[in-house]
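Read the structure below first, then the notes.
2 protein chains.
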Amino acid sequence: MRDPIPLDLARLRRSCSECALGFLCLPAGVDAEDMARLDAVVRKRRPLARGGTLYRPGDALRSLYVASEGSFKTVVVSAEGEEHVLGFHLPGELFGLDAVGSGQHRCQAIALTDALVCELPFARLTEIAADLPSLQQQLLRVIGQSADRDHDHVDVLTRRQAGERIALFLQGLRERLTRIGRHGDEFQLPMSRDEIARYLGLALETVSRGFSRLQDDGVIEVHGRRVRILDPEALRRAASGGDCQGSSATRACDRA
Amino acid sequence: MRDPIPLDLARLRRSCSECALGFLCLPAGVDAEDMARLDAVVRKRRPLARGGTLYRPGDALRSLYVASEGSFKTVVVSAEGEEHVLGFHLPGELFGLDAVGSGQHRCQAIALTDALVCELPFARLTEIAADLPSLQQQLLRVIGQSADRDHDHVDVLTRRQAGERIALFLQGLRERLTRIGRHGDEFQLPMSRDEIARYLGLALETVSRGFSRLQDDGVIEVHGRRVRILDPEALRRAASGGDCQGSSATRACDRA
DNA sequence: CGCTGCGTTGACTTTTGTCAAGATTGGTGG
DNA sequence: CCACCAATCTTGACAAAAGTCAACGCAGCG
């Protein structure tokens, strides 16, 4: 049985030129000439096998990265050897910014699946940005969006209920998948329960139970890494602590 | 009894021209002429009373900010009315970047103490950066450092032991205070236990108990918001899960 | 000098982590 | 094509940690 996700559309939208333009040049007008100039800079579609490392702590800032195919995680390993997941990076999302502050990478980027990565040499990028104001704007905006994702992550992590964190995680994934032109309501998780747990600051068993609970409540359907969101509204409620202990999916909180 | 922190040195380093230059122009060579140009752009030392709001969600991106005096917090209020603290911003640390991604602020910035804020109009900043490469570099670097702080925050939040989070919080504060030329080993917290709790994703009682525990263990000395770090090495150990249940400060983990 | 807001501490409850045992899944090689 | 293996996921029982509720202490302020 082969992967049944409808990839046709998504695959098209992720051709490299579409990708580079799609994320760096969205609203602003960058003409064809400029585009060509940018395209020339981008080192295209470097392949990386699942589990492969793109960069590690201490590596000098060389490039920023966008996967055109496949997803990544960025992790740090604490003194005690615990792995903390700082972020998941879906196709089309810029990452590698962790080296911009100090000139060196602070974490390790690992492919969650076989992947193709577009590499954007940082020096070239800033060089071009200097005499291409619209690109400078876009670069800043994209960096800002990356910071927004970090803030979302922090916001999730400050929730004290495991159920809320898990629901928010799924909801966030749904939004991001939709944004990159994929189905947000039915998808394959690129990461393991353990990785989700390390991203959410929970034990992996707690994540597993959380998924089961949402399934029992009729909010989602899970088979391993395959997830379908059945009731987005209920998911939203679960994410807002609207727990209510009940098993009925559609029942609103009795109080109120 | 008046505030006994030795502020002389720190106060000097935070004069506005020193501030603007100190953080935007650190290593790169920016000549006096360029400096003057920058200085002209920075709107200086706007005063804000404790509890005052600098911007709120939905506000258009106008400026980036640096406090020359006083500290800030950035918060989001969740659907249920819970306040989550996304960051604390010490004097000399750039904030306000949460609007760069979307053009609108996503959180609220509130003064923790009476404060003086330097305002850096964003449009002007990028304008100047476009024909001043060294400033562009610095701007990116400073933005990167801000992202680094967010990553540190995430890293703290993914720890599952409250004691570790609290120790890491104090250690991070120590480092940041030192970096801005203040005493890292004896300081006054600008925020309440409740705010620390909302930053760390804990109950305020847990934070209070964590402080008491560190004090009992001889690691720190606390009187309300006044903190003295007695044993940095023990603090580091506490931050790395080196808990050992014991009460003796210097005793290493018995195993090992 | 008594408020009032913050911080601390204790007793108890709830949630989550831990340990351990199965169940599934996916991949590999016979 | 099937069987087996390893990795991953799920579930249960129990222990530990953190949250909640509540009372008290303390300091700064009017």
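Those sequence lines, one after another, are chains F and U.
Heads up, the first sequence is in the UniProt record's numbering, so the first residue is 1 and it goes up one at a time.
Heads up, the second sequence is in the UniProt record's numbering, so the first residue is 1 and it goes up one at a time.
Here a beta-carbon is modelled for each residue, glycine too, at the ideal position from N, C-alpha and C.
Can you give the Cα-Cα distance for residue i and residue j, rounded to whole angstroms?
| i | j | result |
| --- | --- | --- |
| ALA234(U) | ASP185(U) | 13 Å |
| LEU94(U) | GLN108(U) | 15 Å |
| HIS151(U) | GLU175(U) | 15 Å |
| LEU26(U) | HIS183(F) | Annotation note: pLDDT 45 at LEU26(U) (below 50); position unreliable, no value reported. |
| ARG46(F) | PRO91(F) | 13 Å |
| GLU83(F) | SER68(U) | 37 Å |
| GLU195(F) | VAL41(U) | 46 Å |
| PHE72(U) | VAL142(F) | 25 Å |
| LEU132(U) | GLN137(F) | 15 Å |
| ALA111(U) | LEU189(F) | 41 Å |
| ASP231(F) | SER192(U) | 39 Å |
| LEU48(U) | HIS89(U) | 14 Å |
| SER212(F) | ARG225(F) | 12 Å |
| SER208(U) | VAL154(F) | 22 Å |
| GLY70(U) | ARG228(U) | 20 Å |
| ARG62(F) | SER78(F) | 24 Å |
So which residues on chain F does residue i lean against when the C-beta distance must stay under 8 Å?
| i | result |
| --- | --- |
| ASP148(U) | ASP98, GLY101, SER102, ARG106 |
| SER240(U) | SER78, ALA79, GLU80 |
| ARG198(U) | THR158 |
| THR178(U) | Those within 8 Å of THR178(U) in chain F number zero; the least Cβ separation is about 16 Å. |
Pop quiz: residue i and residue j are said to be a contact at Cβ under 8 Å. What is the actual Cβ separation, rounded to whole angstroms?
| i | j | result |
| --- | --- | --- |
| ALA238(F) | VAL219(F) | 6 Å |
| GLU80(U) | GLY241(F) | 5 Å |
| ALA123(U) | ALA147(F) | That pair is no contact at about 19 Å. |
| GLY87(U) | ARG149(U) | 7 Å |
| ARG198(F) | THR113(F) | Actually they are not in contact, since the Cβ atoms of ARG198(F) and THR113(F) sit about 17 Å apart, beyond 8 Å. |
So which residues on chain U does residue i lean against when the C-beta distance must stay under 7 Å?
| i | result |
| --- | --- |
| ALA60(F) | What ALA60(F) touches in chain U: nothing, since even the nearest Cβ is about 14 Å away. |
| HIS84(F) | ASP155, THR158 |
| ARG50(F) | By Cβ distance, chain U contributes nothing, its closest Cβ being about 23 Å from ARG50(F), past 7 Å. |
| GLY163(F) | Under the 7 Å cutoff, chain U gives no residues; its nearest Cβ is about 13 Å from GLY163(F). |
| ALA130(F) | ALA130, PRO133, GLN136 |
| ARG141(F) | VAL100, GLY101 |
| GLY224(F) | Within chain U, no residue comes near GLY224(F); the closest Cβ sits about 24 Å away, beyond 7 Å. |
With a threshold of 8 Å on Cβ separation, who are the neighbours of residue i within its own chain once the five nearest residues in sequence on each side are excluded?
| i | result |
| --- | --- |
| ARG106(F) | PRO57, VAL76, ASP98, ALA99 |
| CYS118(U) | CYS16, CYS19, ALA20, VAL42, ARG43, LYS44, ARG45, ARG46, TYR65, VAL66, ALA67, SER68 |
| GLN215(U) | GLU221, VAL222 |
| ALA130(F) | GLN136 |
In its own chain, which residues sit with a C-beta less than 6 Å from the C-beta of residue i, not counting the 5 before and 5 after it?
| i | result |
| --- | --- |
| ARG236(F) | none |
| LEU202(F) | ALA162 |
Do residue j and residue i count as a contact pair if the criterion is CB distance below 9 Å?
| i | j | result |
| --- | --- | --- |
| residue 335(F) | LEU116(F) | No answer is possible for residue 335(F): it lies beyond the span of chain F, which begins at 1 and ends at 256. |
| LEU120(U) | LEU64(U) | yes |
| THR126(U) | LEU140(F) | yes |
| VAL85(U) | THR158(F) | yes |
| PHE187(F) | LEU173(F) | yes |
| GLY101(F) | GLN171(U) | no |
| ALA60(U) | GLY103(U) | yes |
What does a CB cutoff of less than 7 Å around residue i pick up in its chain, not counting 5 residues either side in sequence?
| i | result |
| --- | --- |
| GLY210(F) | ALA162, GLY163, ILE166 |
| ILE180(F) | LEU90, PRO91, GLY92 |
So which residues of chain U does residue i contact, with C-beta pairs closer than 9 Å?
| i | result |
| --- | --- |
| GLN145(F) | VAL100, GLY101, SER102 |
Residue i versus chain F: which residues are under 7 Å apart at the beta carbon?
| i | result |
| --- | --- |
| GLY210(U) | What GLY210(U) touches in chain F: nothing, since even the nearest Cβ is about 15 Å away. |
| HIS89(U) | The contacting residues do not exist; HIS89(U) stays about 14 Å from chain F at best. |
For a contact meaning CB atoms closer than 9 Å, what does residue i contact in chain F?
| i | result |
| --- | --- |
| THR126(U) | PRO133, GLN136, GLN137, LEU140 |
Residue i touches chain U at which residues, Cβ-Cβ below 8 Å?
| i | result |
| --- | --- |
| HIS183(F) | The contacting residues do not exist; HIS183(F) stays about 24 Å from chain U at best. |
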